[in-house]
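Chemist: Pasting in a structure now, in structure tokens, and then I'll have a few things to ask.
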Amino acid sequence: MLDRAYALSGLTLSEIARRYGQTPPPDLRRHKGWIGQLLEMALGARAASRAEPDFPHLGVELKTLPVDPTGKPYESTFVCTAPPGGLAPTWEESWLRRKLSCVLWIPIIGRDAPGDRVVGGAVRWQPDVREEQSLRTDWEALRALLVGGRLDEISGRRGAVLQLRPKGANASDTSWVLDADANWVQEQHRAFYLRPKFTQELLTRALRTQ
DNA sequence: TGATGATCATGC
DNA sequence: GCATGATCATCA
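Under numbering that gives the first Met the number 0, the first residue of the first sequence carries the number 0, and numbering increases by one thereafter.
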């Protein structure tokens, strides 16, 4: 799998798309998942939309990461949703930890038309002790707010490396939950995201040690 | 220009 | 409905 990923580096997305009879969209406004799905195809990952790793037999998650020519991520990285009903009781059992236990990052370089973007060198990553500690600290703090019903205190500003931000079809995508005063309130659906600074640092660390 | 909040498509 | 795949759009 890693070899197949390396073999793609330097290619444009148009070149890869052509192999699969696909046409790159002019922009990603209505095709936000196009790059991720193309790379899944190219690497023989399992079909999307399943609650399991992209490579179940390897336990590896595939993530594309849009970066500028110096390797700096343009965006935060979606990890997983935060179920309105609540989170796992401990970090060890958390879905987020499992999702991030082993990731194959594929940098996608540039902001040109999608077809003109270039695939960078893949990076196989597992959190080191410090990275896991950072993630855990943020996750536990955010979990405490969710579980405690302190919903008005949650915003994208919290978390040094991990954010909890809205995620849904639109802002009216909500559920009814109990807040800290045991009142039923309508809450937006949220998901965990990695801050660009964190993904940038893990890329450079992984490249140093690879 | 970066970060936050909003949004889009698809599959089961 | 909720998971997968993310980027867009706006404002400080």
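Beta carbons: idealized from backbone N, C-alpha and C, even for Gly.
Owing to the predicted nature of the structure, the values given are computational and were not obtained by experimental measurement.
Would you mind working out which of I108, L64, L37, L134 sits nearest V117, comparing C-alpha positions?
Modeler: I108
Chemist: If contacts are defined as beta-carbon pairs under 8 Å, then L27 and I15 qualify, I think. What distance do you get, rounded to the angstrom?
Modeler: About 15 Å separates the beta carbons of L27 and I15, which is beyond the 8 Å limit, so they are not a contact pair.
Chemist: Counting C-beta neighbours from all protein chains within 10 Å, is the total for K62 16 or more, i.e. buried, or is it exposed?
Modeler: buried
Chemist: Ordered along the chain, which non-local residues of its own chain (more than five positions away) have a Cβ less than 7 Å from that of T198?
Modeler: Cβ neighbours of T198 beyond the five flanking positions: L64, P72, T76.
Chemist: Applying the 10 Å Cβ sphere with the 16-neighbour rule, what's the burial state of T22?
Modeler: exposed
Chemist: By DSSP, does T198 sit in helix, in strand, or in coil?
Modeler: helix
Chemist: Any idea if D53 is buried or exposed, counting beta-carbon neighbours within 10 angstroms, 16 or more meaning buried?
Modeler: buried
Chemist: How big is the Cα-Cα spacing for R3 and R204?
Modeler: 22 Å
Chemist: Residues in its own chain within less than 8 Å of R207 by CB, not counting five upstream and five downstream?
Modeler: Nothing listed; no residue qualifies.
Chemist: Quick check: what's the CA-CA separation for P83 versus A170?
Modeler: The alpha-carbon separation between P83 and A170 amounts to approximately 15 Å.
Chemist: Taking the straight line between their C-alpha atoms, what separation do you get for A140 and T11?
Modeler: 41 Å
Chemist: Which residue's Cα is closest to the Cα of A159: L38, K166, E92, P195?
Modeler: P195
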